[in-house]
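These notes are about the structure you will find just below.
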Amino acid sequence: MISMTVWQALSRRGYLGSVWPWRSVAFLAGGAVFGAVVLVVIVAGAVVGGVTAVVLVGLPLLVLTALCGIPVAAVERWRLRLAGMGPVPLAQHRVPDAPGLTRWLTVRLEEAATWRELAYAVLLGLVLWPLDALVVAFAAGVPLFLLATPLLVAVDGEAKVVKLWTVDTWPGAFGVAAAGVPLLVLGAYALGLAAGARAEVAKALLSAPGDGERVTELVRSRLRLVDAFEAERRRIERDLHDGAQQRLVALTMTLGLARLDAPPGGTLAEQLAKAHGEAEMVLADLRELIHGIHPKVLADYGLEAAVADAADRSVVPVDVELDIPGRLPQPVETAAYFVVCEALANVAKHSGASRVTIGGGHEDGRLVLAVRDDGHGGASAAHGTGLTGLADRVSVLDGRLSLSSPPGGPTLLRVEIPCRPTEPRA
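Residue numbering for the sequence shown follows this note's numbering, starting at 9 and increasing by one per position.
As structure tokens, then:
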């Protein structure tokens, strides 16, 4: 499955009902707790090590304190997964050129990465964790306290909402609780925004210099490879269609004419009939191959028509419910089409389904397709179903492919690709 960031989740209509508000709370609350622990460790190590350094006892403690940024950075890189921004590549620490603890410590203390990670640990302990705690307290704690006002009145007879305002009546308690509902909604979005900003800070500080440029160039190179691959597919399809297929058609016609001229009932007529039948079978196979390489209906009429054509060719009955407002970028149409074809092939081979539904359309700036079957389930992209390569192809387009297939079914394959229509519907 292609991961989603908290920024992408915030732009979706189902954010409030998703796990992202909870993940944002976990990310910020975890940062507050972890940052407080880091502060204690750094302060204790620096103070105790500094005091005892005069007798050389504290020097090892000071060295350990200087190196504490390495495990702190490792934990923070792992925690970025909660915000959908991990994993961040580890810092490029050099491998010591000689064995032994002394050489390892020397190399680490000479590296800029070690001091950069220590600086982040200090920033976490002094600045970031108090901010995390404040955001959680105000965005989540205050609305939840207001919602709990009726419970506090029921238990204690009153609830002190603010310092000079005490609520001791049921109408007042439920009024305060009602005011907490919109605050809770706003708080959920505030938590997502804060978690995203906090994760961006951590990612920027913990990434090695040049990582962003390398990632950008890697994405661009993958896009160039996809474009080159698609261009080569179209060239092969065109060469087969205009070359080999036309020659096979001519050969089939020649064999058919030869059958008409051959004396009936003889060995020659039988051999010509057999050769004519084989040529027709090869021609049908070639047409199927050309259709699989790059279907003409996709290039000429777009994704909606191509999916309908694939549904007509499926051995399992398929219901198509698509609403796409015109043509989409060619790489998006191609990737989505082959995802649908692979899904239909898997249904026919493995699912035992009696019916398939293909639905979706263009919404919120992205193409959304869902393929659902009523089979026995248990499908997995890791079991050689061909979906892993398609997921990589979708990820190049900044999309995501997800598969849900519990034992007993149903199986749901969903693909989302950000895009905008390039041509309106004719």
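For each residue, glycine too, the CB sits at the ideal point set by N, CA and C.
Can you list, in chain order, the residues of its chain whose CB lies under 6 Å from that of residue i, leaving out five sequence neighbours each side?
i	result
G204	V14 and W15
A316	V328
E431	G334 and R335
D140	L36, G39 and A40
T122	R116
G367	E329 and A378
R31	L90
Per DSSP, which one or two residues make a beta bridge with residue i?
i	result
I366	V328 and V379
T174	K168
E424	V376 and R408
T419	D381
E371	R374
Can you tell me whether DSSP reads residue i as helix, strand or coil?
i	result
R206	helix
M9	For M9, the pLDDT reaches just 39, beneath the cut-off of 50, and the residue's location in the model is therefore unreliable, leaving the point undetermined.
R335	strand
T435	With the chain running from 9 to 434 in the structure shown, residue 435 is simply not present.
T430	coil
G195	helix
P414	coil
G43	helix
S32	helix
P272	coil
R401	helix
P68	helix
G386	coil
G188	helix
C349	helix
I106	Just to set this straight, residue 106 is Ala in the shown sequence, not Ile. Three-state result, A106: coil.
R361	The residue you asked about is not Arg; residue 361 is Ala in the sequence shown. Three-state result, A361: coil.
Y23	coil
V323	coil
P179	helix
M289	helix
G310	coil
G264	helix
G92	coil
P303	coil
Under the rule that 16 or more other beta-carbon atoms within 10 Å means buried, what is residue i, buried or exposed?
i	result
P448	For the chain, the structure presents residues 9 to 434; residue 448 sits outside this window and is missing.
W28	buried
L154	buried
D164	exposed
E84	buried
A52	exposed
S362	exposed
A91	buried
V45	exposed
G397	exposed
G373	exposed
D176	exposed
D381	buried
T114	exposed
M9	Low local confidence applies: a pLDDT of 39 at M9 is under 50, so the model's placement there is unreliable, and no value is given.
A106	exposed
W137	buried
T419	buried
G133	buried
L64	exposed
R21	exposed
T73	buried
V189	exposed
If you drop the 5 nearest sequence neighbours on each side, which residues of the same chain put their C-beta closer than 7 Å to that of residue i?
i	result
H370	I332, P333 and P429
V150	L191
G386	S413 and P415
V33	V144, A148 and L199
L276	A270
C427	L336, P337, V340, R374 and L375
G417	D382, G383, H384 and G385
A344	L311, L375, L377, V423 and I425
S26	A17
Leaving aside the five residues before and after residue i along the sequence, list all residues of the same chain whose C-beta is less than 8 Å from its C-beta, in chain order.
i	result
L201	L18
E125	G77, I78, V80, A81, A99 and L214
L67	G57 and A61
A283	L263
M12	G92 and R408
T260	H284, A287, E288 and L291
Would you say residue i lies against chain B (beta-carbon separation less than 7 Å)?
i	result
D164	Absence of chain B from the displayed structure is noted, only one protein chain being present.
Runs of 4 residues minimum, wholly inside the stretch 126 to 157: which ones carry the alpha helix (DSSP H) assignment?
137 to 144 and 150 to 155
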